[in-house]
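In our numbering, the protein residues as written are 31 to 296. A virtual CB, placed ideally from N, CA and C, is assigned to each residue, including glycine.
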């Protein structure tokens, strides 16, 4: 699309917005377009996305109430502190943002995995969410771009444990490891790599990464688990959806993250 075509498209969209939102100023409508908040649905109707709220360029707030906060974490950001990093983490940023409330992490994403995370704001919510995760009542769906040739769908079921070097390993002995169950389906191919939609039944450390590697199709960009391809320039794993029942309202909540992989964006 050349510059003149883009300009004409923007002008047409602005005219449509002026018809749909006559009480909004022209500058406001232009800001909606610039911030990519305007979506044209298949039926031709216009949908206005909510304004995005960032704590940091790598941490976006998706939802917040008195009990919990849901965020979208970018690749490269730790969830919680380590021995070598205590400041540049999602948890540290949230503590500063929510002060004097002290958020508590109830699950984690690896540093190089992007996507949806939930933090609790009080002890009761912490215990509730931990129970939900423990009993596998949390909906967790990922996108995984892999290097290999997995079947169209299937389930990975293994016992996994952490060795002395803090690397996750697979064992045949159920007494040595914890059961890890991952369901997957193949939904496309990008950059000559299969794209999987993955659903966690359990939530072990490095579960998807280890099981994918064990199945002969490691996540692209995953040097820890010996992937050789890296078409994204990052780990090809993204926590796409997170769903659970709210601890207080008992409402079914489902949060989604925008796809961060450039080659997968429409």
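Beta-ladder partner(s) of residue i, from DSSP
i: residue 133; result: Note: residue 133 sits in no beta bridge, so no partner.
i: residue 144; result: 268
i: residue 172; result: 228, 269
i: residue 276; result: Note: residue 276 sits in no beta bridge, so no partner.
i: residue 188; result: 210
i: residue 28; result: The structure shown does not extend to residue 28, since the chain is modelled only from 31 through 296, so no value can be given for it.
i: residue 93; result: 100
i: residue 216; result: 226
i: residue 283; result: 274
i: residue 149; result: 99, 135
i: residue 86; result: 89
i: residue 119; result: 108
i: residue 250; result: Its beta-bridge partners do not exist; DSSP assigns none.
Close Cβ partners of residue i (< 7 Å) along its chain, the five nearest in sequence each way excluded
i: residue 219; result: 225
i: residue 222; result: none
i: residue 241; result: 186, 188, 210, 212
Sub-8 Å separation of residue i and residue j beta-carbons
i: residue 248; j: residue 177; result: yes
i: residue 107; j: residue 89; result: yes
i: residue 183; j: residue 272; result: no
i: residue 135; j: residue 121; result: yes
i: residue 162; j: residue 274; result: yes
i: residue 165; j: residue 123; result: no
i: residue 44; j: residue 66; result: no
i: residue 148; j: residue 100; result: yes
i: residue 180; j: residue 234; result: no
i: residue 258; j: residue 175; result: no
Assigned exposure category for residue i - 16 Cβ within 10 Å defines buried
i: residue 158; result: buried
i: residue 173; result: buried
i: residue 84; result: exposed
i: residue 34; result: Because the pLDDT of residue 34 is 46, which lies under 50, any placement of that residue in the model is unreliable, and the question is left without a value.
i: residue 190; result: buried
i: residue 156; result: buried
i: residue 49; result: exposed
i: residue 74; result: exposed
i: residue 205; result: exposed
i: residue 103; result: buried
Closest residue to residue i among the options (Cα-Cα distance)
i: residue 115; options: 155, 141, 242; result: 141
i: residue 150; options: 133, 109, 57, 69; result: 133
i: residue 119; options: 128, 109, 56, 146; result: 109
i: residue 105; options: 283, 277, 264; result: 264
i: residue 270; options: 145, 204, 278; result: 145
i: residue 227; options: 205, 193, 266, 192; result: 266
i: residue 208; options: 55, 196, 192; result: 192
i: residue 254; options: 195, 279, 204; result: 195
i: residue 278; options: 152, 128, 53, 113; result: 152
i: residue 288; options: 113, 57, 171; result: 171
i: residue 96; options: 117, 76, 143, 154; result: 154
Residues near residue i by beta carbon distance below 8 Å, same chain, minus five either side
i: residue 256; result: 243, 248
i: residue 281; result: 275
Same chain, Cβ closer than 6 Å to residue i, neighbours up to 5 away in sequence not counted
i: residue 236; result: 198
i: residue 127; result: 85
Any non-hydrogen atom of the ligand MN closer than 7 Å to residue i Cβ
i: residue 146; result: The ligand MN is not part of this structure, which contains no ligands at all.
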